[in-house]
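The UniProt record's numbering applies: residue 1 is where the sequence shown begins, and numbers increase by one.
The structure under discussion appears below in the form of structure tokens.
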Amino acid sequence: MKIEAHVQDYGWTAVRNNGEVVGTIGLNKRVEAIRLWSDKHKIMYRTHLQEIGWSNWKTNGEVSGTVGQNRAIEAIEIKLS
Numbered sequence: 001m002k003i004e005a006h007v008q009d010y011g012w013t014a015v016r017n018n019g020e021v022v023g024t025i026g027l028n029k030r031v032e033a034i035r036l037w038s039d040k041h042k043i044m045y046r047t048h049l050q051e052i053g054w055s056n057w058k059t060n061g062e063v064s065g066t067v068g069q070n071r072a073i074e075a076i077e078i079k080l081s
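This is the structure we're talking about:
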């Protein structure tokens with residue numbers, strides 16, 4: 001699985017692989033959006049957004065979350081098939 005995150009004040013991170021940390025540690029910056037994909041599995045995911053609630057389900061590489069709205073992702077749900 002691969003993941004990218006849109007981080008407050010930084011924009012999109014580099015692509016991270018399964019098991020690697022995405023986002024920042026100790027900098028107090030929120031993750032605002034994510035993209036997930038895999039060459040081996042279908043991935044479905046959604047995010048719970050600050051002041052909005054759950055997003056619609058996204059698949060393989062679609063953006064879930066917000067960019068430019070200053071809203072944190074509060075939770076993530078992921079399904080593999």
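Glycine included, each C-beta is placed from N, C-alpha and C at the ideal position.
- When secondary structure is reduced to three states using DSSP, Arg71 falls in the coil class, being assigned neither helix nor strand.
- In this structure, the beta-carbon distance from Val67 to Ala33 falls below 7 Å.
- When the five nearest sequence neighbours on each side are left out, the beta carbons in the same chain lying within less than 8 Å of the beta carbon of Asn60 are those of Leu36, Trp37, Ser38, Lys42 and Ile43, in order along the chain.
- Closest option to Ala75, judged by alpha-carbon separation, among Arg46, Ile3, Glu62 and Asn56: Arg46.
- Membership of His6 in the beta strand (DSSP E) is indicated by the continuous run Lys2 to Val7.
- A residue is called buried once 16 or more other Cβ atoms fall within 10 Å of its Cβ, and Gly65 is buried on that count.
- Per DSSP, Tyr10 has no beta-bridge partner at all.
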